[in-house]
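One structure below.
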Amino acid sequence: ALWLTRMPASRIRKMALADLRRLDLGRLDVVELRAVYAALPSEFDADGDGAKAMWREDARRRLSALALREAEDKLLRREVRHPVYDALDAVGGPFDPDSEALAAVAAPSTTNLEAELAAV
Numbered sequence: 002a003l004w005l006t007r008m009p010a011s012r013i014r015k016m017a018l019a020d021l022r023r024l025d026l027g028r029l030d031v032v033e034l035r036a037v038y039a040a041l042p043s044e045f046d047a048d049g050d051g052a053k054a055m056w057r058e059d060a061r062r063r064l065s066a067l068a069l070r071e072a073e074d075k076l077l078r079r080e081v082r083h084p085v086y087d088a089l090d091a092v093g094g095p096f097d098p099d100s101e102a103l104a105a106v107a108a109p110s111t112t113n114l115e116a117e118l119a120a121v
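Position 84 of the sequence shown, counting from 1, maps to 85 under the numbering used here, and the rest follow consecutively.
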């Protein structure tokens with residue numbers, strides 16, 4: 002789901018409902034979910050029945066619940082920050098922000114999402 006933060010909002014707007022539902026937002030920590038939610042468009046294309054809007058609303062509800070528990074200092078450790086970041090913090094992150102980018106990162110298409118995600 003984190004790749005949504007690097008995808009243009011115009012492309013997210015066009016995603017199929019099935020592709021949105023495959024994203025497991027429940028596994029994101031509060032920081033990650035904030036980033037993903039901020040990347041979501043306010044409206045989706047081809048959403049006549051409102052199912053995509055409901056998916057976005059479910060993400061907002063989950064984020065609100067995490068934020069409330071965060072304010073009460075009641076988040077689980079993995080909800081505060083996923084443990085995978087512990088190792089990255091020790092070495093300064095997953096990449097050198099001062100180095101020159103070697104190639105542009107392309108966001109996965111929604112037409113062949115499973116294969117593209119498996120290749121990452």
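Ideal Cβ placement from N, Cα and C applies to all residues, glycine included.
Item                                                                                                                                                                : Value
Keeping to the same chain, check which residues put their C-beta closer than 7 Å to that of residue 2; ignore five residues upstream and five downstream.           : 24, 25, 26, 29 and 37
Exposed or buried, what is residue 41 when buried is set at 16 or more other beta-carbons lying within 10 Å of its beta-carbon?                                     : buried
Determine contact between the stretch 10-18 and the stretch 45-63, defined as no fewer than three beta-carbon pairs at a distance below 8 Å.                        : yes
Below 8 Å CB to CB, which residues in the same chain sit around residue 104 once its five sequence neighbours on both sides are set aside?                          : For residue 104, the predicted structure reports a pLDDT of 48, less than 50, and the residue's modelled location is therefore unreliable. A value from the coordinates is still provided. Nothing listed; no residue qualifies.
How many Å lie between residue 13 and residue 64 at the Cα?                                                                                                         : 19 Å
Applying the criterion that 16 or more other CB atoms from any shown protein chain within 10 Å of the CB defines a buried residue, is residue 77 buried or exposed? : exposed
Classify residue 54: buried if its beta carbon has 16 or more other beta carbons within 10 angstroms, exposed otherwise.                                            : exposed
Return the residue from the list 87, 66 and 80 that minimises the CA-CA distance to residue 33.                                                                     : 80
On the premise that residue 5 lies in contact with residue 31, defined as a C-beta separation below 8 Å, what is that separation, rounded to the nearest angstrom?  : That belief does not hold up - the Cβ atoms of residue 31 and residue 5 are roughly 16 Å apart, past 8 Å.
Leaving out the 5 sequence neighbours to the left and right, which residues in its chain are closer than 6 Å to residue 83 when beta-carbon positions are compared? : 30
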